[in-house]
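Structure, as structure tokens:
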Amino acid sequence: MATLRNGGNLIGINSHLQEILIGLLIVLAVLLDKRRRK
9 MATLRNGGNL
19 IGINSHLQEI
29 LIGLLIVLAV
39 LLDKRRRK
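Residues 9 to 46 in our numbering are what the sequence shown lists, from first letter to last.
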């Protein structure tokens, strides 16, 4: 997650938007994991 945050800073993504995107990535990862385990 630090890598994503640093990359976002380097390309100029707003920090608020970065938090939203990281949150969405976490939710997506959990959903994919749950789907895979079924």
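C-beta atoms are modelled at their ideal positions from N, C-alpha and C, and glycine is treated no differently.
Note that this is a predicted model, so its numbers are computed, not measured.
Looking at the secondary structure, which residues open and close the alpha helix (DSSP H) in which residue i lies?
i     : result
Lys42 : 23-45
Report the three-state DSSP secondary structure of residue i (helix, strand or coil).
i     : result
Gly16 : helix
Beta-carbon within less than 8 angstroms of residue i's beta-carbon, same chain only, minus the 5 sequence neighbours each way: which residues are those?
i     : result
Ile21 : Leu29
Starting from the C-beta of residue i, find all residues in its chain whose C-beta is less than 7 angstroms away, skip the five residues before and the five after it, and write them out in chain order.
i     : result
Gln26 : Arg13, Gly16
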